[in-house]
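Plus 3 on top of the position in the sequence shown (first one is 1) and you've got this note's numbering. Glycine included, each C-beta is placed from N, C-alpha and C at the ideal position. As the structure is a computational prediction, the values presented were derived from the model and not from experiment. Everything below concerns the one structure shown next.
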Amino acid sequence: MPVLQESQVRIHTEDTAPTKSEAMKEAAEILEAAGAVTADYYPAMLEREKSVSTYMGNFLAIPHGTNDAKDAIKSSALSFIRYATPIDWDGNPVRFVVGIAGVNNEHLDILSKIAIVFSDEDEVQKLTDAPDTAAILSILGEVNE
């Protein structure tokens, strides 16, 4: 069974946030627009970032809320944003911001699958070069297996 249904993944390739906090806000807004979280989720993402960086390496950051934000999560979903220009994430270049909301610890499976994709530099390059959201979703197929 897929970790997430295609309808639960929102991909944006044209966003232009110049800062980490704005990129996190975009990720939270996508999750909120999908009906997965309430407006309380973004402040919880900021709070999480204060305690530990969500920068993962290979141009990837995975902002998510604190454990106290569970009430702000209505359903599991993923927002995937690719930036043309890297964002400074505490001194690290980030081109991919993946916002995650998970019900009943479903986010742990999602994080695991994304880590597999982003641990392969060839896959990261494919995501960088992907011409559209359909191509990105195809590459992220690893998340849904």
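Which residue or residues does DSSP assign as beta-bridge partners of Ile14? Mapped onto the sequence shown, residue 14 falls at position 11. Paired residue(s): Phe83.
Locate the beta strand (DSSP E) running through Ala39, then write down its first and last residues. Here residue 39 refers to the residue found at position 36 of the sequence shown. Here Ala39 belongs to no beta strand (DSSP E), and DSSP marks it neither H nor E.
Hey, Lys28 and Tyr45: beta-carbon distance below 8 Å or not? Looking up residue 28 in the sequence shown gives position 25. Looking up residue 45 in the sequence shown gives position 42. Closer than 8 Å, so yes.
Beta-carbon separation (whole angstroms), Ala47 vs Arg13, contact threshold 8 Å: Mapped onto the sequence shown, residue 47 falls at position 44. Mapped onto the sequence shown, residue 13 falls at position 10. Actually they are not in contact, since the Cβ atoms of Ala47 and Arg13 sit about 19 Å apart, beyond 8 Å.
Take Ala75 and list the residues in its own chain whose beta-carbon comes closer than 7 Å to its own, dropping the five residues that flank it on each side. Here the question's residue 75 lines up with position 72 in the sequence shown. Same-chain partners within the cutoff: Val40, Thr41, Asp43, Tyr44, Ala47, Gly68.
Identify the continuous alpha helix (DSSP H) that holds Ile113 and give its terminal residues. What you label residue 113 is simply residue 110 of the sequence shown in a count that begins at 1. It spans 109-121 - the alpha helix (DSSP H) in which Ile113 sits, taken as one unbroken run.
Local conformation of Thr88 per DSSP, three classes: For the purposes of this step, residue 88 is taken as the residue at position 85 of the sequence shown. Thr88: strand per DSSP, three-state reduction.
Just the Cα atoms here: how many angstroms apart are Thr16 and Ser141? For the purposes of this step, residue 16 is identified with residue 13 of the sequence shown, where counting begins at 1. For the purposes of this step, residue 141 is identified with residue 138 of the sequence shown, where counting begins at 1. Whole-angstrom Cα-Cα distance: 14 Å.
Which of the three DSSP states, helix, strand or coil, is assigned to Asn95? If you number the sequence shown from 1, residue 95 lands on position 92. Residue state, collapsed to three classes: strand.
Residue(s) in a DSSP beta bridge with Val101: Residue numbering aside, residue 101 sits at position 98 when the sequence shown is read from its first letter. Looking at the DSSP output, Val101 sits in a beta bridge with Phe83.
Checking 8 Å against the spacing of the C-beta atoms, do Gly102 and Ser82 come in under that value? The sequence position of residue 102 within the sequence shown is 99, counting from 1. The sequence position of residue 82 within the sequence shown is 79, counting from 1. Yes, they are a contact pair.
Range covered by the beta strand (DSSP E) that runs through Gly60: Reading the sequence shown from its first residue, position 57 is the one you call residue 60. First-last of the beta strand (DSSP E) with Gly60: 58-60.
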